[in-house]
Amino acid sequence: MASEDIAKLAETLAQTQVAGGQLSFKGKSLKLNTAEDAKDVIKEIEDFDSLEALRLEGNTVGVEAAKVIAKALEKKSELNLSFCEIKRDAALAVAEAVADKAELEKLDLNGNILGEEGCEQLQEVLDGFSMATVLASLSDDEGDEEEEEDEDDDEGEEEEEEDDEEDEEDEEEEEEEPQPRGEGSPTPPRSILDSDSGEPASALSSPPPADVSTFLAFPSPEKLLRLGPKSSVLIAQQTDTSDPEKVVSAFLKVSSVFKDEATVRTAVQDAVDALMKKAFGSSSFNANAFLTSLLIHMGLLKSEDKIKAIANLYGPLMALNHMVQQDYFPKALAPLLLAFVTKPNGALESCSFARHSLLQTLHKV
Numbered sequence: 001m002a003s004e005d006i007a008k009l010a011e012t013l014a015q016t017q018v019a020g021g022q023l024s025f026k027g028k029s030l031k032l033n034t035a036e037d038a039k040d041v042i043k044e045i046e047d048f049d050s051l052e053a054l055r056l057e058g059n060t061v062g063v064e065a066a067k068v069i070a071k072a073l074e075k076k077s078e079l080n081l082s083f084c085e086i087k088r089d090a091a092l093a094v095a096e097a098v099a100d101k102a103e104l105e106k107l108d109l110n111g112n113i114l115g116e117e118g119c120e121q122l123q124e125v126l127d128g129f130s131m132a133t134v135l136a137s138l139s140d141d142e143g144d145e146e147e148e149e150d151e152d153d154d155e156g157e158e159e160e161e162e163d164d165e166e167d168e169e170d171e172e173e174e175e176e177e178p179q180p181r182g183e184g185s186p187t188p189p190r191s192i193l194d195s196d197s198g199e200p201a202s203a204l205s206s207p208p209p210a211d212v213s214t215f216l217a218f219p220s221p222e223k224l225l226r227l228g229p230k231s232s233v234l235i236a237q238q239t240d241t242s243d244p245e246k247v248v249s250a251f252l253k254v255s256s257v258f259k260d261e262a263t264v265r266t267a268v269q270d271a272v273d274a275l276m277k278k279a280f281g282s283s284s285f286n287a288n289a290f291l292t293s294l295l296i297h298m299g300l301l302k303s304e305d306k307i308k309a310i311a312n313l314y315g316p317l318m319a320l321n322h323m324v325q326q327d328y329f330p331k332a333l334a335p336l337l338l339a340f341v342t343k344p345n346g347a348l349e350s351c352s353f354a355r356h357s358l359l360q361t362l363h364k365v
């Protein structure tokens, strides 16, 4: 950050509003892209003992800054990052950073540059951490920006927003050119550009087709089902089954979307079968290393490395219950798995049905 930017930030922080347990940087036009950019904001957070809520509306917050700010709010009840020009990756980073914050009551990411799919992914990530209720409503990005232009009297901000509006119009023109329609064809309510390719995504009425990399990056039952009947084969093919850590990662992502709904349950079990049959079937695969790593990631075994345990064990336990019954599963691993699932553990106790089912199965193996 340049010296003049640091001076500007210091001046802005000096004008920060502090009231009623709330720290507000609203409308300060801060450019917080890196962890270094955010260090003074974090200091303000740490120095404010009675802080309950942080407001950052009207500032720019990047992925790295979003992560460190979210982590700094260890025991705060509200995080307001609305209208911060936050893109999808940064919003998802915030969601993951607050995943274990039980005190969080409200996370506001409204009016950012998320897109329809980004909003869905954000909801899915928080839902996976059983935190969907903390997310404030997410409205149409474009509509919010137009409202902001009408309400904002600041001349500099109006110029920036007009530039953004022109960019959006250019994007819409580019989207319309490669998609000629017949005279009677209706115009979709809104066009969305794919964040990776820049090509127009499908209309809102029909979800874009999922691919394996998208599913593994942001798992959801819907994405797994959209992969189609070959989903299990595709996931196994894209996973380096010679590496136990990568197999653990894929297993946990697949099992995290487990539901008792028949179609989802079958899709998860098929994917687990294809993945683990390929892994255990390789003579070079270290099955013990796989199970050790899996237990660590599930929070059932301590490690010297600071590995964050997953929040919800229901899906992995149900997937394990299926896996240990299959012929490809090395029966020699059953006693070790049984020992750790039997030990007292708060996360296991919150999934008593899945735990009991797995224990019953392991006793029979």
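The opening position of the sequence shown corresponds to residue 1 in full-length UniProt numbering, with each subsequent residue numbered one higher. The beta-carbon is built from N, C-alpha and C at its ideal position, and this holds for glycine as well. The model shown is predicted, which means the values in this text are computed figures rather than measured ones.
With 16 or more other Cβ atoms inside 10 Å of its own Cβ, P244 counts as buried.
Non-local C-beta neighbours of L114 in its own chain, meaning closer than 6 Å and more than five positions away in sequence, comprise R88, A91, ordered along the chain. The closest CA to that of L338, considering only N286, L301, F215, is found on L301. With 16 or more other Cβ atoms from the protein chains shown falling within 10 Å of its own Cβ, H297 counts as buried. The residue from F353, Y314, G299 with its alpha-carbon nearest to that of K308 is G299.
Taking the Cβ atoms as the reference, A38 lies roughly 4 Å from A65, within the contact range of under 8 Å. Contact between the segment 351-362 and the segment 268-287 is absent: fewer than three C-beta pairs spanning the two stretches fall below 8 Å.
Taken through DSSP and simplified to helix, strand or coil, A70 comes out as helix. DSSP places Q22 within a strand segment (E or B) once states are collapsed to three. Counting C-beta atoms within 10 angstroms of its own C-beta, H322 has 16 or more neighbours from the protein chains shown and is therefore classed as buried. Inclusion of F215 and L227 in the CB contact set at 8 Å is warranted, their separation being smaller than that value.
Minimum Cα-Cα distance from K306 among the listed residues S293, P316, L81 corresponds to S293. The shortest CA-to-CA distance from L30 to any of L81, L51, L122, D327 is the one to L81. With contacts defined as CB atoms closer than 8 Å, S232 and D273 qualify as a contacting pair. Distance from the Cα of E46 is smallest, within the candidate group A72, E105, Q123, for A72.
Counting only the Cα atoms, V212 lies some 6 Å from I235. Scanning its chain for C-beta atoms nearer than 6 Å, with the 5 sequence neighbours on each side dropped, one finds around G118 the residues R88, in chain order. Residue pairing of E78 in beta bridges, as defined by DSSP: A53, K106. Excluding five sequence positions before and after V125, the CB atoms of its chain that fall closer than 7 Å to its own CB belong to L92, A95, E96, F218, given in chain order.
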